[in-house]
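*Asks:* First the structure, which I've put down as structure tokens, then a few questions once you've had a look.
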Amino acid sequence: MSEGDKAFPLDVLAATTFHEMKNLLGQLTLSLDQIAAETTAETQPHVDSARFAGRRLNDRFVQLLTLYRAQEEPLHVNADAYFPGDLVNELVAEATALSRGQMAVTSRVEVSVLCFFDWYLVELAMMNAVHNALAHARSSICIGAEHVDGELHFYVQDDGAGFPEPLLAHRKTQAQGLNTGLGLRFAQAIAQAHHDQGKRGSLHLANGGNGSGATFRLCLP
Amino acid sequence: MATTGDSSPIDFKEKRVLIVDDHPGMRTSIRITLSNFGVVFSDVAQTANDAIRRIGNKHYDIIICDYNLGDAKDGQQLLEELRHQKLISLATVFMMVTAERAYEKVVAAAELAPDDYLIKPFTADILRGRLERIIRKKAVLSPIHRMAEQGQTADAILLCEELLQAKTPYAIDVLRLKAEIHVMGGDFAAAEAIYEQVIAMRAIPWARLGLARMLHFQERHEEAEVLLSGLVEDAPEFLSAYDLLARVHEAQEQGEKAQAVLKEAVALSPKTLKRQKAMGDLAYRNGDLTSAEEAFRTVVKQGRYSHLRDPGDYANLARVCMDQGKLGEALGATREASQSFGGSGKAAFTVAVMESLIHNKAGDEKASMAALVSALKARKEANLSLSEDQSLDLANACFINGEDELGRELVSHVVRSNHDSNALIGKARRLFQSLGRAEEGERLIDAGVKDIIRLNNEGVLKAREGDLRGAIKLLSDAASQLPDNLQIVLNAAHALLTFINKNGWDEVMAEQCRTYLGKARSKDAAHPKLLQLVKLYDDAAQRFGVSA
């Protein structure tokens, strides 16, 4: 990692600083949750916006770190058996807690069997997608899981303006999605790191047309 | 909508929680968050040792522990110590929290996993949801754990089958448990089938490891080797696979391959003392003294902070230094042991034996003799039962000081108690070689090994010819003379069980059989033949309507 014997190892400093930052972010997140539970109606919107900003900040931070590490060694998938419904429930709880009745949060789970995936990686990718959806939705988001052609799909739909057309077009021409923003690159890396019997996962973005919402879909083998 | 079944709320009012975190702000935040979902009773600890002290004094239902604790011991080491020393039961919830995704690797590599882990930062809802999920799961699985712990394997298997029928959300956990219980009950084929079943769903590492272990137990070493080589390649951080692969190589008498595999594992996780020790031992047997010294030195260094430290670690280091002619360093190691453990009992004995050897190498015969005398005195005073290594070191000290008779007696006992262990027979052989008395050693070892083999064969032959009483008499006499010889003890138990199966239940014989199985269990609880005999015993007990 470090180049030679520098008197001042920057990578060590960076590592300890990241550690400290994550602890502080963790503390901030829990404190804001605490304030949100006690605050008055008047200050509620400010607190909500602070909480939301905290979550987004955290998303970016984790994505950056994970992708940074992935440059040195491939993203490691630690798959085990889970119910997709459990993950969806956790995402719905997060979305409900953040939207505080401002947004309708619904879920659809059409898989009732155990599936194999890396809970933490998929949760990170989906959490970010939920936060994005909450930021862009008009009035509702839907979080779901289903089986499609032997693949497990997790998805988030919102009723906002949809992904910008250039983004969708760009992704079609560049399979690796080099320029599609940190969050999407991260989700794509996570999908692709999942593999089973030669098949790999993928990321699909789509719009409902006529500005009727966006669908983020993580497909896992 | 698919749910995980029961989602009734968990009452946190009754739960006692310990939060272990070196970050004061985080400690407070978690504490406040917990109080928001009803936790009334919570304590905090700043370091692992602080946590151990608190856990020793009070019972906790839930432990929330940061992986990075800032001092010598991290959260994973704390977890391992708590579980190994049984300071917490399987019913206690242990949740790791960590700021590092790197912990994923640690947990994948570890022998012991926490019930769950959370990556910081996390929200209050997620923490609560996770804790509730673990508590629900434990409520379902803990009766199985309890039965298994009490040796009621048949009941535990039945309960597993009920739970699998009932379609709980824990099917995979139940399958995994069921396989482990089959292993405890000696039914390796049944466990093998379960691992195959899981692998057919997805080739997850623990199932592949389990399958390889079953192959190894059934002495299908080549199949095990192929499977494990693939596993190590696919999941390089899964360290238990390296340990098993090394054992498979050893079983195939490929010591150097075994050492190479352990070396990789040690490089990935230098903190695990048990593996470092195994590495040192293996390298020493392979004659690679440089690697052995490196490993033993690490064991001594790391062990300073561990509950697993042992005077034998210093003896290992002293021995390997001495063999390379580094007498000053060898003496340094024994001095450190004296300082670290004080001058009594096992430590005093170990130090004195090593010093006797070192002084002799340095040409100081008088000091060597004096050290041997104090070693023998310490042994007598503390009424020590010696490990094989200790016996051989003591024998060595006896030989160089002219106490040949005691020396031969010690070696002979080690050989006769371990006649089927290539490792120990090799050590005994090298002892005589180093004394320049290889031929004499060969005669002594050969006589011991042959004696036991003859005894064993005679017993087995008698049993085959139908003289079961004769076989039992022969083998149990041998077992009382050589209580540490697993093969003899287990064959004696086997003969008793064969008699019972043929002639009906005999409580005196059954009692004797239980004693033998207990003895074997205390030496090597995972010995495949032991596990098979436990199954044979349970089957017999069931057949004759005796409660096991």
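Respectively, the protein sequence lines represent chains A and B. Once you know that position 201 of the first sequence is 557 in my numbering, the rest is easy, because the numbers rise by one and skip nothing. Once you know that position 516 of the second sequence is 1722 in my numbering, the rest is easy, because the numbers rise by one and skip nothing. The beta carbon of each residue, even a glycine, is placed where N, CA and C say it ideally should be.
1) Can you pull the chain A neighbours of glycine 1436/B, defined as C-beta to C-beta under 7 angstroms?
2) Within 10 angstroms of its Cβ, does serine 1686/B collect 16 or more other Cβ (buried), or is it exposed?
3) Between which two residues does the beta strand (DSSP E) holding glutamine 513/A run?
4) Can you check whether the C-beta of glutamine 548/A is within less than 7 angstroms of a C-beta belonging to chain B?
5) Mapping the DSSP letters down to three states, classify phenylalanine 492/A as helix, strand or coil.
6) Kindly indicate which three-state DSSP category histidine 442/A falls into: helix, strand or coil?
7) Use the C-beta contact count for alanine 460/A: other C-beta atoms within 10 angstroms, 16 or more gives buried, fewer gives exposed.
8) Quick check on the burial criterion: 16 or more other C-beta atoms within 10 angstroms. Buried or exposed for leucine 1630/B?
9) Measuring straight from C-alpha to C-alpha, what distance separates alanine 1598/B and lysine 1725/B?
10) From the beta carbon of arginine 1749/B, is the nearest beta carbon of chain A less than 7 angstroms away?
11) Are the beta-carbon atoms belonging to aspartate 1626/B and glutamine 1693/B less than 7 angstroms from one another?
12) Can you name, in chain order, every residue of its own chain whose Cβ lies under 7 angstroms from the Cβ of alanine 545/A, other than the five neighbours on each side?
13) Quick one: is arginine 1515/B near chain A, going by C-beta distance under 7 angstroms?
14) Would glutamine 601/A pass as an interface residue toward chain B - the criterion being a Cβ-Cβ separation below 7 angstroms?
15) Leaving out the 5 sequence neighbours to the left and right, which residues in its chain are closer than 6 angstroms to glutamine 530/A when beta-carbon positions are compared?
16) Using a 10 Å radius around the Cβ and a threshold of 16 neighbouring Cβ atoms, would you call asparagine 1624/B buried or exposed?
17) Tell me, to the nearest whole angstrom, how far the beta carbon of alanine 1305/B is from that of lysine 1292/B; I am working on the premise that it is less than 8 angstroms.
18) Strictly under 7 angstroms for the Cβ-Cβ distance: is glycine 1231/B near chain A by that measure?
19) Use the C-beta contact count for phenylalanine 1328/B: other C-beta atoms within 10 angstroms, 16 or more gives buried, fewer gives exposed.
20) In this structure, does DSSP put tyrosine 1323/B in helix, strand or coil?
21) Please classify histidine 1265/B as buried or exposed, where buried requires at least 16 other C-beta atoms within 10 Å of its C-beta.
22) How many Å lie between lysine 1221/B and leucine 576/A at the Cα?
23) If you draw a straight line from the alpha carbon of phenylalanine 1605/B to that of arginine 1635/B, how long is it in whole angstroms?
24) Along chain A, which residues have their Cβ under 7 angstroms away from the Cβ of isoleucine 1378/B?
25) Going by DSSP, name the residue or residues bridged to serine 463/A.
26) Would you tell me roughly how many angstroms separate the C-alpha atoms of leucine 1661/B and aspartate 1227/B, rounded to the nearest one?
27) Given a cut-off of 7 angstroms, decide if isoleucine 1216/B and isoleucine 1341/B are closer than it, judged by their beta-carbon atoms.
28) DSSP state of alanine 435/A, grouped into three classes?
29) Report the three-state DSSP secondary structure of valine 469/A (helix, strand or coil).
30) Rounded to whole angstroms, what is the Cα-Cα separation between glycine 1538/B and alanine 1601/B?
31) Mind pulling the alpha helix (DSSP H) runs of 4 or more residues that sit fully within the segment 1600 to 1683 of chain B?
32) Pairing CB atoms from the segment 1645 to 1655 of chain B with CB atoms from the segment 1673 to 1687 of chain B, are three or more of them under 8 angstroms?
33) Pairing CB atoms from the segment 1728 to 1746 of chain B with CB atoms from the segment 1661 to 1675 of chain B, are three or more of them under 8 angstroms?
34) Whole angstroms are fine: how far does the CA of arginine 1585/B sit from the CA of lysine 1552/B?
35) Give the residues of chain B in contact with tyrosine 476/A, contact being defined as C-beta atoms less than 7 angstroms apart.
36) So with Cβ pairs under 7 angstroms, would you call alanine 1314/B a contact of chain A?
*Replies:* Let me lay it out:
1) Walking along the second sequence from the start, residue 1436/B turns up at place 230. Within chain A, no residue comes near glycine 1436/B; the closest Cβ sits about 14 angstroms away, beyond 7 angstroms.
2) To locate residue 1686/B, count along the second sequence from 1; it is residue 480. A residue is called buried once 16 or more other Cβ atoms fall within 10 Å of its Cβ, and serine 1686/B, having fewer, is exposed.
3) Translated into the one-based positions of the first sequence, residue 513/A becomes position 157. Start and end: 507 to 514.
4) Within the first sequence, the letter at position 192 stands for residue 548/A. For glutamine 548/A, no CB of chain B lies under 7 angstroms from its own CB, so it is not counted at the interface with that chain.
5) In the first sequence, residue 492/A corresponds to position 136, counting from 1. Looking at the sequence shown, residue 492/A is not phenylalanine but histidine. Helix, per DSSP.
6) Mapped onto the first sequence, residue 442/A falls at position 86. Correcting the residue type first, residue 442/A is aspartate in the shown sequence and not histidine. When secondary structure is reduced to three states using DSSP, aspartate 442/A falls in the helix class.
7) Within the first sequence, numbered from 1, the residue matching residue 460/A stands at position 104. Taking all protein chains shown into account, alanine 460/A has fewer than 16 neighbouring C-beta atoms within 10 Å of its C-beta and is therefore exposed.
8) Taking the second sequence and counting its residues from 1, the one referred to as residue 1630/B is at position 424. Classification of leucine 1630/B: buried, given that the 10 Å Cβ count is 16 or more.
9) Locating residue 1598/B in the second sequence gives position 392, counting from the first residue. Locating residue 1725/B in the second sequence gives position 519, counting from the first residue. Position check: residue 1598/B holds leucine in this sequence, whereas alanine was assumed. The alpha-carbon atoms of leucine 1598/B and lysine 1725/B are separated by roughly 22 angstroms.
10) Counted from its first residue, the second sequence places residue 1749/B at position 543. No, no contact with chain A.
11) Within the second sequence, residue 1626/B is the residue found at index 420, counting from 1. Within the second sequence, residue 1693/B is the residue found at index 487, counting from 1. Remark: C-beta atoms of aspartate 1626/B and glutamine 1693/B approach each other more closely than 7 angstroms.
12) Position 189 of the first sequence holds residue 545/A. The residues are Leu423, Ala426 and Leu431.
13) Start at 1 with the first residue of the second sequence, and residue 1515/B comes out as number 309. No, no contact with chain A.
14) An answer regarding residue 601/A cannot be provided, because it is not within the stretch 357 to 577 covered by chain A.
15) Numbered from 1 along the first sequence, position 174 holds the residue referred to as residue 530/A. In this predicted model, glutamine 530/A has a pLDDT of only 48, less than 50, meaning its place in the structure is not dependable; the value taken from the coordinates is given anyway. Closer than 6 angstroms at the Cβ level, and outside the excluded window around glutamine 530/A, lies no residue.
16) Position 418 of the second sequence holds residue 1624/B. That one is buried.
17) Here residue 1305/B refers to the residue found at position 99 when the second sequence is read from its first residue. Here residue 1292/B refers to the residue found at position 86 when the second sequence is read from its first residue. Not confirmed; about 29 angstroms, so no contact.
18) Taking the first residue of the second sequence as 1, we reach residue 1231/B at position 25. Among the residues facing chain A, glycine 1231/B is included, as its CB has a counterpart in that chain under 7 angstroms away.
19) Stepping through the second sequence from its first residue, residue 1328/B is reached at position 122. Phenylalanine 1328/B is buried by the Cβ-count criterion.
20) By 1-based counting over the second sequence, the position of residue 1323/B is 117. When DSSP states are grouped into helix, strand and coil, tyrosine 1323/B belongs to the strand group.
21) Along the second sequence, one-based indexing puts residue 1265/B at 59. Classification of histidine 1265/B: exposed, given that the 10 Å Cβ count is below 16.
22) Counting from 1 along the second sequence, the entry for residue 1221/B is found at position 15. Counting from 1 along the first sequence, the entry for residue 576/A is found at position 220. A direct Cα-Cα distance of roughly 38 angstroms separates lysine 1221/B from leucine 576/A.
23) Indexing the second sequence from 1 puts residue 1605/B at position 399. Indexing the second sequence from 1 puts residue 1635/B at position 429. Going from the Cα of phenylalanine 1605/B to the Cα of arginine 1635/B covers about 14 angstroms.
24) Taking the second sequence and counting its residues from 1, one reaches residue 1378/B at position 172. Ordered by position in chain A, the residues that pass the 7 angstroms Cβ test against isoleucine 1378/B are Ala437 and Leu470.
25) The residue labelled residue 463/A in the question sits at position 107 within the first sequence. Ile499/A, per the DSSP bridge assignment.
26) Within the second sequence, residue 1661/B is the residue found at index 455, counting from 1. Within the second sequence, residue 1227/B is the residue found at index 21, counting from 1. When rounded, the distance between both Cα atoms is 59 angstroms.
27) Position 135 of the second sequence holds residue 1341/B. Position 10 of the second sequence holds residue 1216/B. With a cutoff of 7 angstroms on beta-carbon distance, isoleucine 1341/B and isoleucine 1216/B are scored as near each other.
28) Position 79 of the first sequence, counting from 1, holds the residue named residue 435/A. Secondary structure of alanine 435/A (DSSP, three-state): coil.
29) The count along the first sequence starts at 1 and reaches residue 469/A at position 113. Here valine 469/A sits in coil by DSSP.
30) For the purposes of this step, residue 1538/B is taken as the residue at position 332 of the second sequence. For the purposes of this step, residue 1601/B is taken as the residue at position 395 of the second sequence. Their backbone Cα atoms lie some 22 angstroms apart in a straight line.
31) Segments of the alpha helix (DSSP H) lying fully in the segment 1600 to 1683 of chain B: 1610 to 1623, 1628 to 1640 and 1644 to 1670.
32) Touching, no, given that fewer than three Cβ pairs across the two stretches are closer than 8 angstroms.
33) By the Cβ test, the segment 1728 to 1746 of chain B is not in contact with the segment 1661 to 1675 of chain B, since fewer than three Cβ pairs between them sit closer than 8 angstroms.
34) Stepping through the second sequence from its first residue, residue 1552/B is reached at position 346. Stepping through the second sequence from its first residue, residue 1585/B is reached at position 379. Straight across, the Cα-Cα distance linking lysine 1552/B with arginine 1585/B is about 8 angstroms.
35) As a working mapping, residue 476/A is identified with position 120 in the first sequence. In chain order: Glu1310 and Ile1325.
36) Position 108 of the second sequence, counted from the start, is the residue given in the question as residue 1314/B. Cβ-Cβ to chain A under 7 angstroms: yes for alanine 1314/B.
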